[in-house]
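The block underneath contains the structure these notes are about, expressed in structure tokens.
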Amino acid sequence: MAHNSTKLGLITMAQHIIEGQRAHPTATGEFSWLLSGITLATKIIESNVRRAGLVDVLGDTGTVNVQGEEVQKLDEVANEAIIRCLGYRGNVGIVASEEDDEPITIKEAGPAARYIVLFVPLDRSSNIDVNVTIGTIFSILQRRGDVSGWDGPTPHVLQPGLKQVAAGYVVYGSSTVAALTTGNGVDMFTLDPEIGAYVLTRKNVKMPSDGKSYSCNEAYKATFPEGYQRYLDWAKSEEAGNYTLRYIGSLVADFHRTLLRGGVFLYPPTLKQPEGKLRLMYEANPLSFVAEQAGGAAVDGKQRIMEKQPNSLHQRTPLIIGSKQEVDRVMKFMSR
Ligand code: AHM
182 MAHNSTKLGL ITMAQHIIEG QRAHPTATGE FSWLLSGITL ATKIIESNVR RAGLVDVLGD
242 TGTVNVQGEE VQKLDEVANE AIIRCLGYRG NVGIVASEED DEPITIKEAG PAARYIVLFV
302 PLDRSSNIDV NVTIGTIFSI LQRRGDVSGW DGPTPHVLQP GLKQVAAGYV VYGSSTVAAL
362 TTGNGVDMFT LDPEIGAYVL TRKNVKMPSD GKSYSCNEAY KATFPEGYQR YLDWAKSEEA
422 GNYTLRYIGS LVADFHRTLL RGGVFLYPPT LKQPEGKLRL MYEANPLSFV AEQAGGAAVD
482 GKQRIMEKQP NSLHQRTPLI IGSKQEVDRV MKFMSR
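The sequence shown maps to residues 182 to 517 in our numbering.
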């Protein structure tokens, strides 16, 4: 009887990354060491999320972060977990978080530390209190070689998404799933709580090329630019036929569903947020890298997300991301 080896073999994320590096004889193993820091941090975050109702980590701390939002206790736990786990990986030079005003240079690491990790420790942490899926997003860049003489880490960090060497996210949902790309497709891993390891569960994930589902906060529709409004009206029309609206309000969860089922996620400019709400460098860029590697697309209504040159760490952007054909369709309504 023929066996499907991918079904039978138990492959952990660590094994999978090491095996991927074997294809590159010059690889030093540094990169897998870095990724193991991220996965360790997400296991710490996961265990806190799972115990959130039992221990005193729910609710806010009474402080406000750089985005003007209340900092949740779990946000702090998650932020610290990532910074601490990466701090001991000698090859991470700079970390930049949604929660911190400026990128942090990890002093102990020294100039040889070439990797930069940008991350959202807990996406949509305000959903924690009501048991809705939340997540962690990360983007990995390399220090630029052409900015010597510049002070501080920021010039190294401000690179377009096309320069990412890896990106991914973790969804803390009914199970904990990590999606990862290093520029060679997208693989997914499920955290097995019994053995405490991420196990490969989907290899080379492909986003459906089309999908009759849109995901956006339609309560703001009247303040979206007209092109978006025209698309949303069309999606409800008889001509479009049977579109569904699915919106969780956690970017990671909405994106994860869109990646697996197809359709489009939209966060347009609004009256309140004329530049859009989502952040380019650590939300839109990593998810765009994952989307494109899975055969999907991501644009800001005018251009490809990954080509945008960032001008600040916390820059916001409109985001249209999902199945290639559906993203193209939204774009057609923009130009009508
Ligand atoms: P946050 O930084 O306050 O957590 O906001 C990010 C979240 C995303 O996860 C989600 O896609 C979006 O905000 C939802 O915004 P809205 O509540 O305006 O629909």
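Idealized CB from N, CA, C, for every residue including glycine.
Quantities reported herein were computed from a predicted structural model and do not represent experimental measurements.
Simplified DSSP state of residue i, which is helix, strand or coil
| i | result |
| --- | --- |
| phenylalanine 405 | coil |
| isoleucine 297 | strand |
| isoleucine 486 | helix |
| proline 467 | helix |
| tyrosine 424 | coil |
| glycine 201 | helix |
| tyrosine 269 | coil |
| aspartate 281 | coil |
| leucine 191 | coil |
| aspartate 391 | coil |
| valine 346 | coil |
| lysine 384 | coil |
| isoleucine 287 | coil |
| threonine 498 | strand |
| alanine 400 | helix |
| arginine 325 | coil |
| alanine 222 | helix |
| histidine 184 | Its pLDDT being 45, under 50, histidine 184 is placed unreliably in this model, and the value from its coordinates should be taken loosely. Reduced to three states, the DSSP call for histidine 184 is coil. |
| threonine 335 | helix |
| valine 276 | strand |
| isoleucine 523 | In the structure displayed, the chain extends from 182 to 517; residue 523 sits before or after that span and is not available. |
| arginine 517 | coil |
| arginine 232 | coil |
| alanine 475 | coil |
| glutamate 411 | The residue asked about is misnamed: residue 411 is arginine in this sequence, not glutamate. Residue state, collapsed to three classes: helix. |
| arginine 305 | coil |
| valine 511 | helix |
| valine 247 | coil |
| aspartate 373 | strand |
Heavy atom of the ligand AHM within 7 Å of residue i beta-carbon
| i | result |
| --- | --- |
| leucine 432 | yes |
| serine 390 | no |
| serine 469 | no |
| serine 320 | no |
| glutamine 410 | no |
| glutamine 248 | yes |
| arginine 305 | yes |
| asparagine 312 | no |
| asparagine 398 | yes |
| tyrosine 448 | yes |
| aspartate 509 | no |
| lysine 489 | no |
| leucine 481 | The displayed chain sequence assigns aspartate, not leucine, to residue 481. No, the Cβ of aspartate 481 stays beyond 7 Å of every heavy atom of the ligand AHM. |
| aspartate 282 | no |
| lysine 458 | yes |
| aspartate 435 | yes |
Whether residue i touches residue j by CB criterion (8 Å)
| i | j | result |
| --- | --- | --- |
| methionine 388 | glycine 316 | no |
| valine 298 | leucine 267 | yes |
| proline 450 | proline 499 | yes |
| phenylalanine 514 | tyrosine 412 | yes |
| alanine 360 | tyrosine 350 | yes |
| arginine 295 | asparagine 272 | yes |
| threonine 425 | serine 394 | yes |
| aspartate 282 | valine 245 | no |
| histidine 337 | isoleucine 275 | yes |
| serine 431 | aspartate 304 | yes |
| valine 367 | valine 471 | yes |
Identity of the residue in the options nearest residue i by Cα
| i | options | result |
| --- | --- | --- |
| histidine 495 | Thr220, Ala233 and Glu280 | Glu280 |
| serine 356 | Cys397, Ala348 and Thr371 | Thr371 |
| glycine 243 | Leu255, Leu235 and Arg232 | Leu255 |
| phenylalanine 341 | Gln484, Lys505 and Val511 | Going by the sequence as given, residue 341 is proline instead of phenylalanine. Nearest option by C-alpha distance: Gln484. |
| leucine 381 | Ala233, Ala400, Glu399 and Val358 | Val358 |
| threonine 363 | Ile192, Leu215 and Pro284 | Leu215 |
| threonine 223 | Glu250, Val258 and Ser213 | Val258 |
| arginine 427 | Phe436, Glu419, Glu420 and Ala421 | Phe436 |
| alanine 475 | Ser278, Ala277 and Asn385 | Asn385 |
Check: residue i C-beta below 7 Å from any heavy atom of the ligand MG
| i | result |
| --- | --- |
| aspartate 373 | What this structure holds is the ligand AHM, not the ligand MG. |
Chain B within 8 Å of residue i, Cβ atoms only
| i | result |
| --- | --- |
| glutamate 279 | No chain B is present in this structure, which holds just one protein chain. |
Please specify which runs of the alpha helix (DSSP H), each continuous and at least 4 residues long, are wholly inside the region 413-457, giving them in chain order.
Qualifying alpha helix (DSSP H) stretches, in chain order: 432-442.
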